[in-house]
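Residue numbers (the working numbering): 589 to 717.
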């Protein structure tokens, strides 16, 4: 079984491109803190295909938090100097957007969050539950 789940933040804006046959593919890297040593971070290159790729490009940005579920794809190749190399990609089956979107439907900018003291007070009678 080849299944991996990660939660982390994008290190840069996603990159969308098309294959020669017109299939959309989106790539980005997710930084994930280690569970027991928060000072160490792993970086996972993620590849998303088709409609999900278009949505990732549209709604994600550098710093967006995402949950990704998929499989690891390991490729071995010889570089231009004949040195054997290994490339590892997380090919996403699912990408869950964990950051809130702004009013325009786009990924949030890196603006500071609103402080609780700046929020309007709500009367208990106004609550829908």
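Every residue gets a Cβ at the ideal spot worked out from N, C-alpha and C, and that includes glycine.
- DSSP places residue 672 within a strand segment (E or B) once states are collapsed to three.
- Taking a cut-off of 8 Å for Cβ pairs, the segment 657 to 669 and the segment 617 to 627 do not touch, as fewer than three such pairs fall below it.
- Along the length of the segment 591 to 660, whole beta strand (DSSP E) runs at least 3 residues long occupy 592 to 598, 603 to 606, 612 to 621, 629 to 637, reported in chain order.
- Two segments are said to touch when three or more pairs of C-beta atoms, one from each, lie closer than 8 Å; by this definition the segment 625 to 632 does not touch the segment 600 to 609.
- When the five nearest sequence neighbours on each side are left out, the beta carbons in the same chain lying within less than 6 Å of the beta carbon of residue 680 are those of 634, 636, 656, 658, in order along the chain.
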